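Q:
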């Protein structure tokens, strides 16, 4: 859940609120008898390590990144069971986004980009 910052328009007192996005409208704090105003600040950027979702079937080690997974699979001559290649999936998604932006801007797509009609 995110933390939101609010400032009183009357006395300039700042408050923080820790709540779900869906509860934000109902949880705005009051000060001096009036609703406070939300302060928009930029969140610090950083890397957050997520849980390991892959275990090497040969060594039984937890794998924490796609690069590490790719290296282990190449080292042990393994193929992904799901057929997912992260680089190809990312490239496909980026191409779909670019095509959507072209369509939204009214630009024509190449015939290879258009879906097949059955």
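Residue numbers (this note's numbering): 2 to 119. All C-beta atoms in this analysis are idealised placements derived from N, C-alpha and C, irrespective of residue type, glycine included. Remember, predicted model here, so these are calculated numbers, not experimental data.
(1) Which of the three DSSP states is assigned to residue 21 in this structure?
(2) For the candidate residues 40, 16, 109, whose alpha-carbon lies nearest to that of residue 31?
(3) CA-CA distance, residue 78 and residue 94?
(4) Whose CA, out of 102, 108, 67, lies closest to the CA of residue 91?
(5) In terms of residues, what are the limits of the alpha helix (DSSP H) holding residue 8?
A: In terms of the structure at hand:
(1) coil
(2) 16
(3) 27 Å
(4) 67
(5) No alpha helix (DSSP H) contains residue 8, which is instead part of the beta strand (DSSP E) from 4-8.
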